[in-house]
Amino acid sequence: DVDVVMRSFEAILHSTTWTIRSPGAELSRTEIAEKAFASFSGSPYALMVSSGTTAVELAVRALKPPRGAKVIVPALGWFATAAAVKRAGASPVFADVDPLTSCIDPVAVKSLIGPDVIAVVAVHLHCAVANLSALVSLCEDHGLVLIEDCAQAHGAAFDGRPVGTFGAMACFSLNQEKMIAVGEGGCVITANEVYYRRLHALRTD
């Protein structure tokens, strides 16, 4: 409804709370959106950011990757996932995808695990969901962090559980082409308070 949207814009323009750092009793629109997205996604913490790419970058940064760190990403997908890993100071390592789902193949991931690998980014692509049970088990066995890239998977589920709640962190895109579109934007969710606090600090870094 156009009238509802316009009234919302007017409320923002007349508000004294313009940013997340503005003092005041009322919640900012960002904080309201974060609470709503956390509830929607089934996660205790949600942090709004400028884009889905930024969400992936901050998730990798939250791991404090050491020099030479590597992160396994799918070989098929939008370049932003690998670019975000690089921007975070780690090197992307490309794993083949499962031909049935076009999502990252756990068997290919296992073959690439080495001493410098710290994480795996599972991208849920083209209305398909990666094999999360196999990836969770693999990451647990090898001490790796699983990050879910849910840019195309808002509201999806795997074995009856919301995607985004399997990994240590999950990243969503909210741009004009996604299922929840706000023009541009992104979100990171996590159940880990330590990662949430790091993400919160990194957002304003």
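All the letters of the sequence shown, read from the start, carry residue numbers 0 to 204 under the working numbering.
Note that the Cβ used here is the ideal one computed from N, Cα and C, for glycine as well.
This one's a predicted model, so the numbers in the text were calculated from it and none came from an experiment.
Rounded distance between the beta-carbons of glutamate 147 and glycine 163, thought under 8 Å: 5 Å
Using DSSP with H/G/I as helix, E/B as strand and the rest coil, what is threonine 52? helix
My assumption, with CB atoms under 8 Å, is that alanine 118 sits in contact with leucine 62. Please give the rounded CB distance. 6 Å
Could you tell me the alpha carbon to alpha carbon distance between proline 98 and asparagine 130, rounded to whole angstroms? 12 Å
Okay, do the segment 87-97 and the segment 68-79 touch, 3+ Cβ pairs below 8 Å being the bar? yes
I'd like to check one pair, glycine 185 with threonine 53: are the Cβ atoms closer than 8 Å? Against a cut-off of 8 Å, the Cβ pair of glycine 185 and threonine 53 comes out as a contact.
I believe leucine 145 touches phenylalanine 165 by the beta-carbon criterion, under 8 Å. Please report the beta-carbon distance rounded to the nearest angstrom. 7 Å
Local conformation of arginine 196 per DSSP, three classes: Looking at arginine 196 - three-state DSSP - the assignment turns out to be helix.
Residues that arginine 60 bridges to, as DSSP identifies them: None; arginine 60 has no bridge partner.
Provide the residue span of the alpha helix (DSSP H) that contains threonine 29, from first to last. 28-40
Euclidean distance between Cα positions of isoleucine 112 and serine 14: 51 Å
Ignoring anything shorter than 4 residues, give me the alpha helix (DSSP H) runs that lie fully in the segment 79-123, in order along the chain. 79-86, 105-111
Alanine 169 and isoleucine 188 closer than 8 Å at C-beta: yes
Should cysteine 102 go down as buried or exposed, given a rule of 16 or more other Cβ atoms within 10 Å for buried? Flag for cysteine 102 reads buried.
Check valine 70 in the structure and name its three-state DSSP category. Reduced to three states, the DSSP call for valine 70 is strand.
Terminal residues of the alpha helix (DSSP H) in which glutamate 147 lies: First-last for glutamate 147: 144-148, but that is the beta strand (DSSP E), not the alpha helix (DSSP H).
Once you ignore the five residues that flank phenylalanine 157 on each side, which residues in its own chain have a CB closer than 6 Å to its CB? In its chain, beyond the 5 residues on either side, Val128, Leu131 have a beta carbon closer than 6 Å to the beta carbon of phenylalanine 157.
To the nearest angstrom, how far is the alpha carbon of asparagine 191 from that of valine 4? 34 Å
For phenylalanine 165, name the three-state secondary structure that DSSP assigns. coil
For the beta strand (DSSP E) that cysteine 186 lies in, which residues bound it at each end? 185-189
Spatial neighbours of leucine 57 in its chain, beta-carbon cut-off 7 Å, leaving aside the 5 residues before and after: Val48, Val187, Leu198, Leu201, Arg202
Checking the sheet assignment: what are the DSSP bridge partners for serine 172? Beta-bridge annotation (DSSP): serine 172 is paired with Gly185.
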